[in-house]
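Trainee:
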Amino acid sequence: MELRNYETVFILTPLLNETQMQETVEKFREVLKENGAEVIHEENWGLRKLAYPIQKKSTGFYHLIEFKAPTNVVDALELVYRRDEKVVRFLTTALDKHAVAYNERRRNGEFKSQAKKEEVKG
Amino acid sequence: MSLVNERVHKQENREKYCRFKKSGIKYIDYKDGNFLLKFVNEQGKILPRRLTGTSLKFQRKVSQAVARARHLAILPYVTDSLK
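These protein sequences, in sequence, are chains A and B. So this note's numbering is basically just the index in the first sequence, starting at one, shifted up by 6. So this note's numbering is basically just the index in the second sequence, starting at one, shifted up by 643.
(1) Using a beta-carbon distance below 8 Å, is A:Arg113 in contact with chain B?
(2) Alpha carbon to alpha carbon, how far is B:Arg693 from A:Gly128? Give it in angstroms, no decimals.
(3) Which residue comes first and which comes last in the beta strand (DSSP E) that contains A:Gly64?
(4) Interface residues of chain A around B:Asp672 at Cβ under 9 Å?
(5) Which chain A residues are close to B:Ile717, counting only those with a beta carbon under 8 Å from its beta carbon?
(6) At what residue ranges does the region 647-725 of chain B contain a whole run of the alpha helix (DSSP H), taking only runs of 4 or more?
(7) Look at A:Leu9 and A:Glu44 and say whether their C-beta atoms are less than 8 Å apart.
(8) List the DSSP bridge partners of A:Val93.
(9) Counting only beta-carbon atoms, is A:Leu97 nearer than 8 Å to chain B?
(10) Cβ closer than 9 Å: which chain A residues qualify as neighbours of B:Lys688?
(11) So A:Leu56 is in the beta strand (DSSP E); what residue range does that whole segment cover?
(12) Please list the terminal residues of the continuous alpha helix (DSSP H) segment that includes A:Glu24.
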């Protein structure tokens with residue numbers, strides 16, 4: 007099947023420790039692999055403040071995965087998200103050609119100066 | 644001396660323009676909260692096109708990006724003092 011570009015961001019509860027977090031992320035990575043997806047890029051944003059409380063929590067671990075996959079993968083991934091209590095929020099988006107180009111530039115650190123400012127604030 | 648008051652706010656006739664078209668931005672990133680702040684007011688509401696000058700094509704993308712950012716708690720849905 008034809009592969010498409012996707013990007014998924016999820017927020018995990020701040021109650022986890024480092025290893026638990028890694029394990030959870032690994033689990034999602036496995037789901038992607040099993041369904042024939044190809045992970046292009048991964049980013050761990052770490053513990054960030056939420057703009058508004060979700061489930062009475064004001065912080066969360068953000069993680070971003072960019073991947074190429076056949077269309078049925080998204081459903082499988084989101085099902086796993088919904089079943090996992092550790093996931094507070096998730097968002098999967100399909101990327102068009104402009105988004106792919108943008109993400110490539112982002113990966114190469116073209117927008118780093120902006121990102122650094124954000125980290126300081128967070 | 645004329646009896647008519649001088650206008651307090653002299654209207655400047657500045658051309659509006661779409662910043663995305665002008666600077667060649669094609670994708671609006673929902674992950675960049677600081678950038679999206681330019682398109683919302685202090686309460687976190689999306690500013691209309693007539694104020695920001697954004698073209699319709701990109702206004703749709705802005706609103707989509709803001710919606711996604713709100714979902715991921717990068718931007719708030721409602722607040723009192725955002726800026």
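By construction, the Cβ of each residue, glycine as well, lies at the ideal position given by its N, Cα and C atoms. In this text the structure is predicted, and so the values were computed from the model without any measurement.
Mentor: This is what the structure holds:
(1) no
(2) In this prediction, A:Gly128 scores a pLDDT of 44, lower than 50, which makes its location untrustworthy; no coordinate-derived value is stated.
(3) One detail in the question is off: residue 64 of chain A reads as Ser in this sequence, not Gly. Looking at the DSSP string, the run of the beta strand (DSSP E) that includes A:Ser64 is Lys63 to Ala75.
(4) Within 9 Å Cβ-Cβ: Ala105, Tyr108, Asn109, Arg112 and Phe117.
(5) Within 8 Å of the CB of B:Ile717, the CB atoms of chain A belong to Ala57, in sequence order along the chain.
(6) 662-666, 676-679, 692-695 and 699-714
(7) yes
(8) In DSSP, A:Val93 forms a bridge with A:Leu18.
(9) yes
(10) Near B:Lys688 there are no residues of chain A at all, since even the closest Cβ is about 14 Å away, more than 9 Å.
(11) Glu44 to Ile60
(12) Glu24 to Glu40
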